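Residue numbers (the numbering used here), protein chains in the order written: chain D, 14 to 202; chain G, 258 to 584.
Okay, so here's the structure we're looking at.
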Amino acid sequence: MEIAIIVILGVILIWAYSVYVGVIRKRNKVQEAYSGVDVQLKKRHDLIPNMLTVAKKFMKHEKELMNEITELRTKAVKTEHAKDAKGIKKALQTEQDLSSKLGAFMVNVENYPQLKSDTTMVNAQKSLQDVEEHIAASRRFYNSAARQLNDTVQIFPMSLIASMVKVEAYPYFETADEEKANPDAAALL
Amino acid sequence: MIPNFIEKAPYEKGFTAHYDAHIRPVLEEVEAQRVAAQKEYKRRNKIAFIVDGLAILAFILVILFAPEFIRMILETDDGGGLIIAGFIALGAPFAWASAPLVKFKKGYKNRILPVICKFYGQLDYKEKNGSMPPEVLKSGIYPSFTKQKSEDYITGKYKDTQLSINELKLKKKSGKKTYTVFKGLSIVIQFPKSFNGVTLLRRDKGKIGNWFESSKNMERVELEDPKFEAKFEVHSTDQIEARYLLTTAFMERLMDLAQAANGTEGHTNIQAIFKGSSLMLAVPSKKNLFEPESILKSAFDLDDIHTFLKQMNEIFLLIDLLKLDRN
């Protein structure tokens, strides 16, 4: 009888330890994945000032939008290198807002033919497009890692172990609402 | 009568002028060669049937009237082998009969394919080009083999992107038997710059098959689209780069390429690796690509040309998608 209890306890301990190891590994993977996202977001932040400097010469009526972008960029730079779930959630929210405003900015650039054909602007747009594609790829990796961690953290009984070691669910990196919505062709014409 | 080329798809735009200038003048000669080859094949085939018929009759007569001769052969050390070799030798007359067909097919390829390739500006065709480079055959997308045979090389540039395409057949010896382990297209596309990591895309072989073939130092990459996740198994040394490269659009293009090579819907067996500065593709196909479908089909039937243009278009679309023409 005593031996049976010891064996059962042993099995539970082994199971608990393997879940603990799994949770920590998955959390580390999420953080590793987010660092990849962070690298790309930093590249985007670095591109913005040059673009705005060129745009200011031509887009005299878009000052409000450009100021909003500058403010959001400053806020986003402060949230770089986030590690925990709360920090990442805040950073992702800021990035979503920044993406939204950048999208509006790019649409407005189309209304300024001189700006559109400016060499610096063209190069910056190409670089930005490449960075956005890398952000999309790193987002997919981050979301995949977050999903695996969140499945463990939120499903009983693994959630017990996760809460004991204070590992929480991480937010998903979602696209901005404007990117999700289908484009209205009539509005563009 | 030599037919006009009718452009059936957007990627065939402009081919009519090229066809009128370079292919139409040779088609009549090619068709005459095909008819002559077919006639010669039929003549030789009749002879082969007669020769084999006589050989079999002789063998039967020996069994009936001189069985001790057969017994004597069987009692020698190589007796069994000799009898088997005798049966195999029955195939020799038919191989001789097929020689005009083989010659015609080679001639067709060497006349028509280089001219079609010129339509694309910087592509050349060669029937033979030596052995395949070992770094391609040992890249991880081909099975192990003991013998290789490659032909029909198309090399050159598309929009400043270096590419090479060829037909490849790999065989493996197992005991006394030899099996074909790969038959299809080998495609190598050169990028302007190197990749950060190595990304390998293989056919999904189920949990056990995948585990056996799992790659060292590479992590599994989960594809979000369940359609692709069910068909392919992806490993990479760089998770982000793998997702950057393997977008939904790219995966669709890969499957379209596999279907174009096989001429059937639903055939999506293709493997790929991004390594160094190359994208290498292994596209299995049961058909002999870049060859006329049948000697019975007139050279004036232009379906083979349409098929070839479609296959090339799929490869170019892949390159366009990967934006290889960008620096």
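Built from N, CA and C at the ideal position, the CB exists for glycine as well.
Only a predicted model underlies this, so the values are computations on that prediction, with no experimental measurement involved.
Check: Min CB distance phenylalanine 186/D to chain G below 7 Å; Outcome: no
Check: Pick from Ile340/G, Arg460/G and Ile317/G that is closest to lysine 484/G, judged by C-alpha positions; Outcome: Arg460/G
Check: Phenylalanine 361/G, buried or exposed, once every other Cβ within 10 Å from all chains shown has been counted against 16; Outcome: buried
Check: Beta-carbon proximity of alanine 556/G to glutamate 288/G, cut-off 7 Å; Outcome: yes
Check: Short Cβ contact (7 Å threshold) for threonine 273/G with glutamate 264/G; Outcome: yes
Check: Where glycine 533/G sits in the DSSP three-state scheme; Outcome: coil
Check: Every unbroken beta strand (DSSP E) within the region 379-421 of chain G, with a cutoff of 3 residues, ordered by chain; Outcome: 379-383 and 404-415
Check: Environment of arginine 153/D [buried if 16+ CB atoms lie within 10 Å]; Outcome: buried
Check: Exposed unless 16 or more other CB atoms sit within 10 angstroms - verdict on valine 120/D; Outcome: exposed
Check: Those residues which DSSP pairs with tyrosine 436/G across a bridge; Outcome: Lys429/G
Check: Threonine 333/G, enclosing alpha helix (DSSP H) - first and last residue; Outcome: First-last for threonine 333/G: undefined, no H or E at that position.
Check: Closest Cα partner of isoleucine 101/D within the set Val144/D, Ile61/D, Gln44/D and Lys69/D; Outcome: Gln44/D
Check: CB contact check: alanine 194/D to chain G, cutoff 7 Å; Outcome: Because the pLDDT at alanine 194/D is just 49, under 50, the model does not fix this residue reliably, and the value given afterwards should be weighed accordingly. Not one chain G Cβ lies under 7 Å of alanine 194/D.
Check: Min CB distance arginine 477/G to chain D below 7 Å; Outcome: no
Check: Three-state secondary structure (DSSP) of alanine 539/G; Outcome: strand
Check: Run of the beta strand (DSSP E) containing serine 493/G, from where it starts to where it stops; Outcome: 489-493
Check: Min CB distance isoleucine 497/G to chain D below 7 Å; Outcome: yes
Check: Contained beta strand (DSSP E) runs [length at least 3] in the region 133-194 of chain D, N- to C-terminal order; Outcome: none
Check: Contact belief for glycine 441/G with alanine 518/G at Cβ below 8 Å, rounded distance in angstroms; Outcome: 7 Å
Check: Bridge partner(s) assigned by DSSP for serine 443/G; Outcome: Asn423/G and Ala539/G
Check: Contact the region 87-97 of chain D vs the region 18-38 of chain D: 3+ CB pairs below 8 Å; Outcome: no
Check: Whole runs of the alpha helix (DSSP H) within the region 275-348 of chain G, excluding any shorter than 4 residues; Outcome: 281-322, 324-332 and 336-346
Check: Delimiting residues of the beta strand (DSSP E) encompassing glutamate 476/G; Outcome: 476-478
Check: Neighbourhood of tryptophan 353/G by C-beta distance below 8 Å, restricted to the same chain and skipping five residues each side; Outcome: Arg301 and Ala305
Check: Cα-Cα separation, alanine 182/D to glutamate 269/G; Outcome: 53 Å
Check: Nearest neighbour of isoleucine 497/G, chosen from Lys55/D, Lys179/D, Glu187/D and Ser157/D [CA to CA]; Outcome: Ser157/D
Check: Straight-line Cα distance separating histidine 492/G from leucine 480/G; Outcome: 10 Å
Check: Residue interval of the alpha helix (DSSP H) (run including threonine 92/D); Outcome: Looking at the DSSP string, threonine 92/D is not in any alpha helix (DSSP H), and its letter there is neither H nor E.
Check: Threonine 456/G - containing beta strand (DSSP E), residue span; Outcome: 456-460
Check: is_contact[lysine 58/D, chain G] using C-beta, thresh 7 Å; Outcome: It is histidine, not lysine, that sits at residue 58/D in the sequence shown. With 7 Å as the cut-off, histidine 58/D does not count as an interface residue toward chain G.
Check: Any chain D beta carbon closer than 7 Å to aspartate 582/G; Outcome: Confidence at aspartate 582/G is low in this model, with a pLDDT of 43, below 50, so its placement is unreliable and no value can be given for it.
Check: With 16 other Cβ atoms within 10 Å as the buried cut-off, status of leucine 380/G; Outcome: buried
Check: Where proline 390/G falls, given that 16 or more other Cβ within 10 Å makes a residue buried; Outcome: exposed
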